[in-house]
Amino acid sequence: MSSSPMARPPMPIQGWTEHKNAQGRVYWYNQAEKRSVWEKPTELKTARERALSQTQWKEYQSGERKYYVNSVTKESSWTLPKELKNLFDSIPDESSVNGSASPYGGSSVRPQQRQMYSGPPPGFQSPDHSTNGSNSPMPPSASRSPVIHMPPTGPSQQQPYRGPQSHHSAQAAPVAGGEEAFIQLLREKGVDASWTWEQTMRQIITEPLYKALATLAERKAVFSKYVRMKEEEVEKAKKQKAKEIEPLARESIKDKIANGRIVAWLSYEGMLQRCSSKSAWKKLESIGLKEAKEAWESIRKELREEERKRKKDLRERNRKVFMQLLHSFEADVLTRWKDARQTVLESDEWKADEKLRQIDLVDMIEVFDELIQSIEKQKTQEMKQAHVTQKRQDRQRREWFCKLLQEGKKDGWITARSTFGEVYDRIKSESQLQEMLGQPGSTPLDFFFDVLDDLQRELDLLTDTVIDALQNHPNAPYQVSESTTLNELKEAIRLSVEKAKDSKFNEIESRPDDELKLVLDELIRKVQDEKRRVERKLRHLGEDLRYALKKYAHHHSNALGGEDESELDKAWSEWKPILADLKLNEWDAYNRTPFKLEEDQIDEARRSAWERFVERQKEKLSERRKVQDQDGSHSSGRKRKSEGESSMSPVKSREASRKERRAGEKDSTTRERERHERRSGYIDEPSAAKKAKHQGGAAEEDSEEEEGEV
1 MSSSPMARPP MPIQGWTEHK NAQGRVYWYN QAEKRSVWEK PTELKTARER ALSQTQWKEY
61 QSGERKYYVN SVTKESSWTL PKELKNLFDS IPDESSVNGS ASPYGGSSVR PQQRQMYSGP
121 PPGFQSPDHS TNGSNSPMPP SASRSPVIHM PPTGPSQQQP YRGPQSHHSA QAAPVAGGEE
181 AFIQLLREKG VDASWTWEQT MRQIITEPLY KALATLAERK AVFSKYVRMK EEEVEKAKKQ
241 KAKEIEPLAR ESIKDKIANG RIVAWLSYEG MLQRCSSKSA WKKLESIGLK EAKEAWESIR
301 KELREEERKR KKDLRERNRK VFMQLLHSFE ADVLTRWKDA RQTVLESDEW KADEKLRQID
361 LVDMIEVFDE LIQSIEKQKT QEMKQAHVTQ KRQDRQRREW FCKLLQEGKK DGWITARSTF
421 GEVYDRIKSE SQLQEMLGQP GSTPLDFFFD VLDDLQRELD LLTDTVIDAL QNHPNAPYQV
481 SESTTLNELK EAIRLSVEKA KDSKFNEIES RPDDELKLVL DELIRKVQDE KRRVERKLRH
541 LGEDLRYALK KYAHHHSNAL GGEDESELDK AWSEWKPILA DLKLNEWDAY NRTPFKLEED
601 QIDEARRSAW ERFVERQKEK LSERRKVQDQ DGSHSSGRKR KSEGESSMSP VKSREASRKE
661 RRAGEKDSTT RERERHERRS GYIDEPSAAK KAKHQGGAAE EDSEEEEGEV
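Numbering (UniProt numbering), first residue to last: 1 to 710.
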């Protein structure tokens, strides 16, 4: 029994067959390897396709046009790239190749032109096969039986699915197209949503289309899907009928809703009891009780929404009216809720407005709170604005005062030696100054000192320039003294500038006399300060020399005159070489001072120190003589005193001596501190002299002795 060649599927190439899924997408199935792929196998590709797969270009089709994309550079082109064109030109025309070289066994038809095979892959059991349960491949004689043309199921159910071997591997091969055939069988048998699987099996198991699906699980899944589809169709039909009857049902209860007989909180049964015409609702019930209740639930939802909107509008209206009522009472930030509520309840607007009286207490409090917050915000804005205005006015006054000071500086009535009292007496009548005195921030005195600092810097700079110029005086260096006049300074500056011939000194001569007078005062002040420092240094050196002489005389009793007063009366010219030969550091200290002292100044300072030393030595000799003269007349008195002291108890004697020692230590500490302050320049000489005068001669002697110890 031979069969026609057209009854068999095309001869596969190395086990590959081509198929289409339900969406029309082509895939290839390999019977030997039991796998399917989306991408065309290499064995089936033409020489052109194989060459294209070796490049970076991919060919795609959009509608009826082809375009090419470079997978590396992502470049796309509607025209054939030059690289591919050259490659394709080097490939011989496949139509000229001998048919014996064709992989299709002598057929001249290329792989992409062969007939599409729409039957199941080899190994699939044909529906017309006997129901003896045999799973053997379809024999050649099966082609005489009626063939059901279905797309193949892709990978065989007998092997695990390994997925496509291309970039589409994430997508599974399509499910068998036998699903539509099985559903058609269910329709022909009149299966509806009320049928069970067992009932359906009895009707379809003997039908050929029963085997359109390979497994029982697939048939059962398709049956469930078919039942759900039928249920949806029935449900859709019910909803469509209910939608047509629902307007009549709504119209039947419209009047009851208007007069309040039917409200949103009623159940479906309660609504029917109050409904006068139930025919429309009975029709809905005949379609289905569920549809009738859904229609009523829809009406209830609308009623609830209307009620909610009505309450919302009433609440907003009452809050707005209540806010207007509170505004009419002129409330402020100090108004309390208790007083505001009492005022509202006693107002005529509250008594006349029935809707307003329905407002909740919470809404009343919230509205009052909003009112107070708005008032506080307004007051805060007013305070901020007032503060900004005040700051602006304060700044304007400060700017006015600074401008006034600059004018005074320019006009010359404010100089580096001006005082604030002088400036204040001149501008105290200005009203802006009086307002400025009490404002925060920088005070007029601060601004005055700022200007004064600027003037002092300018004066210092001008003074330094004048000093530099005077270094070029013909009798350089020109020394300013305390008796130098302004004209003398100007003449000295003129001579210095003429000799220096430096442009930086030219502007000095053009300076006004007021500025040059300040420069002269500054130079005289520096001369006086230098003079005071020199005098203070000489006084300190003289005290050191006196102490050194006293100490030397103490260790050498016969030196420096000893007990002979006539030796002390010798002239300074005789003592000077003697004192120089002593090689005292205090004597040589006059030559090591940082000041430029003349020899006459040094000699006069040493002579003054020596004369004071001699005077003090003479006083000590005189005091000793007086004590010796009084020893004879007061010997008995001294004896009695010594006896009285010896008769004192040892405890009292020790206590008395301790007190005397403490007093001596205290005086010594005080004198040492005063001496240190005087040496450091904290106590000036006149103050020290007054203090020594009040303390008397004895105190002066003790002070000098203590200085010698230091």
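The C-beta atom is built at its ideal place from N, Cα and C for all residues, glycine as well.
Alpha carbons only, please: which of 79, 29, 56, 537 is nearest the one belonging to residue 67?
Walking along the sequence shown from the start, residue 67 turns up at place 67. Of the candidates 79, 29, 56, 537, the one whose C-alpha sits nearest the C-alpha of residue 67 is 79.
With distances taken between CB atoms, is the gap from residue 720 to residue 56 smaller than 7 Å?
The structure shown does not extend to residue 720, since the chain spans only 1 to 710, so no value can be given for it.
Under 6 Å Cβ to Cβ from residue 15, same chain only, skipping five residues before and after it: list those, please.
Taking the sequence shown and counting its residues from 1, one reaches residue 15 at position 15. The answer, listed in chain order, is 30, 31, 32.
One question on the structure: do residue 412 and residue 514 come within less than 7 Å of each other, judged by their Cβ atoms?
Position 412 of the sequence shown, counting from 1, holds the residue named residue 412. Position 514 of the sequence shown, counting from 1, holds the residue named residue 514. Yes.
The alpha helix (DSSP H) spanning residue 485 covers which residue range?
Counted from its first residue, the sequence shown places residue 485 at position 485. Looking at the DSSP string, residue 485 is not in any alpha helix (DSSP H), and its letter there is neither H nor E.
Quick check: what's the CA-CA separation for residue 263 versus residue 280?
On the sequence shown, position 263 is the one that residue 263 refers to. On the sequence shown, position 280 is the one that residue 280 refers to. When rounded, the distance between both Cα atoms is 19 Å.
Can you find at least 3 beta carbon pairs, one from the stretch 445-458 and one from the stretch 415-430, that sit closer than 8 Å?
yes
Looking at the secondary structure, which residues open and close the alpha helix (DSSP H) in which residue 555 lies?
In the sequence shown, the residue the question calls residue 555 occupies position 555. From DSSP, the alpha helix (DSSP H) with residue 555 extends over 513-555.
Same chain, Cβ closer than 8 Å to residue 468, five either side skipped, listed in chain order
In the sequence shown, the residue the question calls residue 468 occupies position 468. The answer, listed in chain order, is 505.
Residues in its own chain within less than 6 Å of residue 538 by CB, not counting five upstream and five downstream?
By one-based count along the sequence shown, residue 538 stands at place 538. So the list reads 605, once near-sequence residues are dropped.
Counting pairs of Cβ atoms below 8 Å between the stretch 484-494 and the stretch 435-451, do you hit three or more?
no
Using DSSP's beta-bridge definition, name the partner residues of residue 69.
Within the sequence shown, the letter at position 69 stands for residue 69. Answer is 58, 76.
From 573, 615, 352, residue whose alpha carbon lies closest to that of residue 603
For the purposes of this step, residue 603 is taken as the residue at position 603 of the sequence shown. Residue 573 is the option with its Cα nearest to residue 603.
Can the beta-carbon of residue 520 be found less than 7 Å from the beta-carbon of residue 489?
Against the sequence shown, residue 520 aligns to sequence position 520. Against the sequence shown, residue 489 aligns to sequence position 489. A contact, by the Cβ cut-off of 7 Å.
Across which residues does DSSP place residue 35 in a beta bridge pair?
Here the question's residue 35 lines up with position 35 in the sequence shown. In DSSP, residue 35 forms a bridge with 30.
Looking only at its chain, what residues have a beta carbon closer than 8 Å to the beta carbon of residue 473, apart from the 5 residues adjacent to it on each side?
Looking up residue 473 in the sequence shown gives position 473. Once the five neighbours on either side are set aside, the close Cβ partners of residue 473 are 492, 495, 496, 499.
So, is residue 229 buried or exposed, given that buried needs 16 or more other C-beta atoms within 10 angstroms?
Looking up residue 229 in the sequence shown gives position 229. Exposed.
Are residue 536 and residue 609 closer than 7 Å when you measure CB to CB?
Within the sequence shown, numbered from 1, the residue matching residue 536 stands at position 536. Within the sequence shown, numbered from 1, the residue matching residue 609 stands at position 609. No.
Residue 590, DSSP secondary structure in three states
Taking the first residue of the sequence shown as position 1, residue 590 is located at position 590. Here residue 590 sits in helix by DSSP.
Where does residue 259 land, buried or exposed, given buried means 16+ other C-beta within 10 angstroms?
By one-based count along the sequence shown, residue 259 stands at place 259. It is exposed - the Cβ of residue 259 has fewer than 16 other Cβ atoms within 10 Å.
So, with DSSP's three-state summary, where would you put residue 215?
Mapped onto the sequence shown, residue 215 falls at position 215. DSSP places residue 215 in coil when its eight states are reduced to three.
Should residue 711 be labelled buried (16 or more other beta-carbon atoms within 10 Å of its own) or exposed?
The structure shown does not extend to residue 711, since the chain is modelled only from 1 to 710, so the question has no answer here.
Taking one C-beta from the stretch 177-185 and one from the stretch 210-222 each time, how about it: are there three or more such pairs within less than 8 Å?
yes
For residue 192, which three-state DSSP category applies?
Stepping through the sequence shown from its first residue, residue 192 is reached at position 192. Coil, per DSSP.
Residue of 283, 82, 91, 475 minimising C-alpha distance to residue 47
Here residue 47 is taken as the residue at index 47 of the sequence shown, counted from 1. It is 91 whose Cα lies nearest to the Cα of residue 47.
Tell me whether residue 439 sits in a helix, a strand or coil according to DSSP, three-state version.
Taking the first residue of the sequence shown as 1, we reach residue 439 at position 439. Here residue 439 sits in coil by DSSP.
Alpha carbon of residue 299 to alpha carbon of residue 311, nearest angstrom
Position 299 of the sequence shown holds residue 299. Position 311 of the sequence shown holds residue 311. If I take the Cα positions, the gap works out to 18 Å.
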